[in-house]
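In this note's numbering, the protein residues as written are 117 to 245.
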């Protein structure tokens, strides 16, 4: 019984230490903290992101069409194809997706969404969380 308890404590300790030594920006959204030269072409976000080992960068892209939707002129985190009803996409302040999107009334309106809410840098690769 003591050996099982010791094993459980060792596993728990390893788990806690691994979270203490990992840069949170590499795992929980907040990609803009460890990525640079961020741009967007259509619905494809591209950025140069730091690897977990530090000091080494990797250029990565992610298609936001799979995770962003235009809901009556407002960008939302939902699986869809926002680019069909939005235009003039751009990245503002390294973390905001800005676009002009159509409303149900067919009017173009400006909208933004914070990419740091759900886009993460996982070891130099952009991922949706």
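Glycine included, each C-beta is placed from N, C-alpha and C at the ideal position.
Where residue 182 sits in the DSSP three-state scheme: As a working note, residue 182 is residue 66 in the chain shown. Note: residue 182 maps to helix in three-state DSSP.
Contact check, residue 181 vs residue 201, beta carbons under 7 Å: In the chain shown, counting from the first residue as 1, residue 181 sits at position 65. In the chain shown, counting from the first residue as 1, residue 201 sits at position 85. At least 7 Å separates the beta-carbon of residue 181 from that of residue 201.
Cα-Cα separation between residue 208 and residue 190, rounded to whole angstroms: As a working note, residue 208 is residue 92 in the chain shown. As a working note, residue 190 is residue 74 in the chain shown. Those two C-alpha atoms are separated by around 16 Å.
Three-state secondary structure assigned by DSSP to residue 226: Along the chain shown, one-based indexing puts residue 226 at 110. Looking at residue 226 - three-state DSSP - the assignment turns out to be strand.
Proximity to residue 163 [Cα-Cα], best of 170, 216, 175: Along the chain shown, one-based indexing puts residue 163 at 47. Of the listed residues, the one whose Cα sits closest to residue 163 is 175.
Counterpart residues of residue 244 in DSSP-defined beta bridges: Here the question's residue 244 lines up with position 128 in the chain shown. Here residue 244 is bridged, per DSSP, to 235.
Residue 211 beta carbon less than 7 Å from that of residue 148: For this step, residue 148 is matched to residue 32 along the chain shown. For this step, residue 211 is matched to residue 95 along the chain shown. Contact flag set, yes.
Option nearest residue 157 by Cα separation, candidates 213, 219, 233: The residue labelled residue 157 in the question sits at position 41 within the chain shown. The shortest Cα separation from residue 157 among 213, 219, 233 belongs to 213.
DSSP-derived helix/strand/coil call for residue 169: Stepping through the chain shown from its first residue, residue 169 is reached at position 53. Note: residue 169 maps to coil in three-state DSSP.
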